[in-house]
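**Student:** Got a structure here, written out as C-alpha cells. Questions coming.
2 protein chains.
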Amino acid sequence: MSQQPSSSTQDEPARPDRECCTASHILTESELASDVQILAALGNDTRYEALRLIADTEGDVCVCELEPVLGVSQSAISQVLSQLYAAGLVSRRKDGRWRYYAATPLTTVILSTLDESRGGNNE
Amino acid sequence: MSQQPSSSTQDEPARPDRECCTASHILTESELASDVQILAALGNDTRYEALRLIADTEGDVCVCELEPVLGVSQSAISQVLSQLYAAGLVSRRKDGRWRYYAATPLTTVILSTLDESRGGNNE
DNA sequence: CCCTAATATTAACAACTACTGAAATGAGTC
DNA sequence: GACTCATTTCAGTAGTTGTTAATATTAGGG
C-alpha cells in the first residue's frame, strides 16, 4: 500500500464522507451485481444493437426480424435475447411458434439517458 | 432465414416505423460504438465499484485510496481507471506524484438513472 | 544526483465470452 | 402422427478480457 496524500494520513478524520468504516458501499451486494449484469448485457455490439432495434420498434419484435439486421446466426440472437431478458432489459411473450420481445421501462430509461447525454450536457 | 409472422410477409407495409429501408440505425456507427464502450466499461465488478466510489466521494480520489477498497493490485486499478477515462466516465488531474480522478457528468447521470429505476418504476 | 513513492506500461496467462453448427424442443398444419 | 417452422439448448472453439508480476516512468526530497 502507500500513504495517503492529503487526508487521513495520520489520525484526524478530514473526510466527512468517509468518517466511519462505511468507506464505500452505499449499494448492497445484490444491487451492485444486478447493475453490473445490466451494464454488461448492454456493453456488447450485438446485444446493444438488438436492444436498440427492439426499443425503436413500436410494439414487439420477433427473433426472425432481428436475424437479417444483426448479421449473426439465429442461435446467437436467441442467446443474446436470453441475456437481455435475464438482465431485465426485455420482456418476452410467446405467440404460437413465435416469440416476441419488447423493451422494458428500464431499457427505455437507460437508452434515453444515453441519448440525452450525447445531445448536450456531457463533458 | 424464415418468413415473417404478422407483418410484411407479403407486400403491404403494415409497420409504419419500418416503411422505408431505414429498418434500424437511428444512431451513427460511432455513436453506437461510443455507447457500447461506455456500457462495457461499466459492466464489470471492479470498474463499476471503482466508479461508484469515485462518484460517491465529494471532490476527487487518488489511486492509492481505491487500492485497499477494491482488493486488486495497483496495476489493475490503474488499468481500470484508464478504461473509465477512455470511456469518458472519469476526468483526471495530476498533482505532484498523485493523480486524482473524479466522476464526469455522464457518470452522474447514468448512476442516478440506475438508482432511480431500482427505487421505483421498473418491473 | 540518488533514493523513494505514486502511478503507468508491458507481457503473459488463466478465465471468460461470443460465436457457430448440430441437435432438441415446441407448436402449428397437413 | 409425420412434416415443417421458429426458437432454444448444447458443445466446441476462437478470440477477448481481467488480473498479476515485473518493469518503466514521473515527481519530490535528501
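These protein sequence lines are chains A and B, in that order. Numbering-wise (our numbering), the first sequence opens with residue 12 and increments by one. Numbering-wise (our numbering), the second sequence opens with residue 12 and increments by one. Every residue gets a Cβ at the ideal spot worked out from N, C-alpha and C, and that includes glycine.
DSSP three-state call for valine 83/B: helix, strand or coil?
**Tutor:** Valine 83/B falls in the coil class under three-state DSSP.
**Student:** Between the C-alpha atoms of serine 84/B and alanine 52/A, what's the straight-line distance to the nearest angstrom?
**Tutor:** Straight-line Cα distance between these residues: approximately 26 Å.
**Student:** Exposed or buried, what is glycine 82/B when buried is set at 16 or more other beta-carbons lying within 10 Å of its beta-carbon?
**Tutor:** Glycine 82/B is exposed by the Cβ-count criterion.
**Student:** With DSSP run on the structure shown, which of helix, strand or coil describes arginine 110/A?
**Tutor:** Here arginine 110/A sits in strand by DSSP.
**Student:** I'd like to check one pair, glutamate 60/A with leucine 95/B: are the Cβ atoms closer than 8 Å?
**Tutor:** The answer is no: Cβ separation not under 8 Å.
**Student:** Beta-carbon separation of isoleucine 49/A and glycine 99/A under 8 Å?
**Tutor:** Yes. Within cutoff.
**Student:** Start and end of the alpha helix (DSSP H) containing glycine 130/A?
**Tutor:** 116-130 is the extent of the alpha helix (DSSP H) around glycine 130/A.
**Student:** Find the residues of chain A that neighbour threonine 124/B, judging by a C-beta separation of less than 7 Å, and give them in chain order.
**Tutor:** Correct list: Val120, Ile121 and Thr124.
**Student:** Serine 128/B touches chain A at which residues, Cβ-Cβ below 8 Å?
**Tutor:** Per Cβ cutoff of 8 Å: Pro116, Leu117, Val120 and Ile121.
**Student:** Determine whether the Cβ of isoleucine 88/B lies closer than 8 Å to any Cβ atom of chain A.
**Tutor:** Judged by the 8 Å Cβ criterion, isoleucine 88/B is not in contact with chain A.
**Student:** Out of Leu125/B, Tyr112/B, Ile121/B and Leu122/B, which has the shortest C-alpha to C-alpha gap to alanine 69/B?
**Tutor:** Before going further, note that residue 69/B is glutamate rather than alanine in the sequence given. It is Tyr112/B.
**Student:** From this set, Arg110/B, Asp46/B, Leu62/B and Asp56/B, which residue's C-alpha is nearest aspartate 56/A's C-alpha?
**Tutor:** Answer by Cα proximity: Asp46/B.
**Student:** By the criterion of Cβ-Cβ separation under 8 Å, what are the contact partners of isoleucine 37/B in chain A?
**Tutor:** Chain A residues near isoleucine 37/B: Arg63 and Asp67.
**Student:** Can you tell me where the alpha helix (DSSP H) holding glutamate 42/A begins and where it ends?
**Tutor:** Unbroken alpha helix (DSSP H) run through glutamate 42/A: 40-53.
**Student:** At a CB distance below 9 Å, what residues from the stretch 44-56 of chain B approach chain A? Give them in sequence order.
**Tutor:** Answer in chain order: Ala44, Ser45, Asp46, Val47, Gln48, Ile49, Leu50, Ala51, Ala52, Leu53, Gly54, Asn55 and Asp56.
**Student:** Between Asp126/B, Arg58/B and Val101/B, which lies nearest to isoleucine 88/B when the distance is taken from Cα to Cα?
**Tutor:** Considering only alpha carbons, the answer is Arg58/B.
**Student:** Does any residue of chain A have a CB that is nearer than 8 Å to the CB of glutamate 40/B?
**Tutor:** No, glutamate 40/B does not count as interfacial toward chain A.
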